[in-house]
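The numbers in UniProt numbering rise by one with no breaks, and the one at position 76 of the sequence shown is 76. Below is one structure; the comments refer to it alone.
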Amino acid sequence: MDEIMGIPTHPLVVHAAVVLTPMLALAALVYALVPRVRPAMWWAVAGLAVAAPLATLAATFTGERLVASMPGIETLIGPHAEAGEITRNLTGLLGLASLGLWLTHRAAARAQDRPALRWQALALTVVVVLTAVAVLIFVVRAGHSGSDAVWGS
């Protein structure tokens with residue numbers, strides 16, 4: 001489906017990625033860095049860890065279909081496509097790392113003092129924090145370069 005009611009699907013689908021991706025990044029940062037909110041936030045992080053990567057995957061797929069239907073546009077949207085692909089990949093990594101961190105905290109809560117789980121949680125926290133920051137940077141870059149390609153000079 002390349003159009004919905006005469007509008008190309010990509011600009012419609014991309015709004016889900018533009019909303020869900022920063023929400024995942026911010027929720028993952030809070031979950032990773034503020035232990036007291038973890039019991040209240042796990043469900044939001046888990047849901048966003050699935051929904052945001054799916055949204056970026058859909059945005060990438062519909063973007064590729066849009067480009068295929070408009071020959072010669074590749075050079076105009078090159079920076080946007082590149083930033084979008086990086087955003088998709090980083091969002092997938094952030095989703096997996098966030099789910100891993102949640103599962104590690106869950107296992108640690110059930111286990112007696114297990115040093116391996118503490119090290120695993122620390123490593124995943126570092127991955128989540130770094131990836132969340134990168135996701136925020138690249139989702140802004142993808143959005144800006146996309147709007148610039150459509151509305152800019």
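Ideal Cβ positions, reconstructed from N, Cα and C, are used throughout, including at glycine. Note that the structure is predicted; figures quoted are calculated from it, not measured.
Identified DSSP bridge partners for residue i
| i | result |
| --- | --- |
| Glu3 | Pro8 |
Sub-7 Å separation of residue i and residue j beta-carbons
| i | j | result |
| --- | --- | --- |
| Val135 | Leu94 | yes |
| Ile77 | Ala149 | yes |
| Val129 | Ala32 | yes |
| Ala44 | Ala132 | no |
| Asn124 | Ala97 | The question names Asn, but residue 124 is Leu in the sequence shown. In this structure, Ala97 lies closer than 7 Å to Leu124 by Cβ. |
| Thr62 | Thr21 | no |
| Ala27 | Leu48 | yes |
| Asp2 | Arg65 | yes |
For residue i, the nearest candidate out of the options (CA to CA)
| i | options | result |
| --- | --- | --- |
| residue 154 | Gly100, Thr131, His144, Leu20 | The displayed coordinates of the chain run from 1 to 153. Any statement about residue 154 would go beyond what the structure contains. |
| His144 | Glu82, Asn89, Thr91, Val126 | Glu82 |
| Thr75 | Glu3, Met1, Gly146, Asp2 | Gly146 |
| His15 | Leu96, Val50, Thr60, Ala44 | Thr60 |
| Pro35 | Ala108, Gly152, Val19 | Ala108 |
| Ala51 | Val19, Met5, Val127 | Val19 |
| His80 | Pro11, Gly6, Met23 | Pro11 |
| Thr91 | Ile7, Met23, Met5 | Met23 |
| Val126 | Ile7, Ile4, Leu29 | Leu29 |
task = Determine, using beta-carbon pairs with one atom in the region 51-62 and one in the region 110-120, whether at least three such pairs fall under 8 Å.
result = no
task = Spell out a yes or no on whether the region 139-147 and the region 92-107 are touching, meaning 3 or more CB-CB pairs, one atom from each, closer than 8 Å.
result = no
ask   = Can you list the alpha helix (DSSP H) stretches of 4 or more residues lying completely in the UniProt domain "DUF2231" (6-151), in chain order?
value = 9-33, 38-68, 74-110, 115-151
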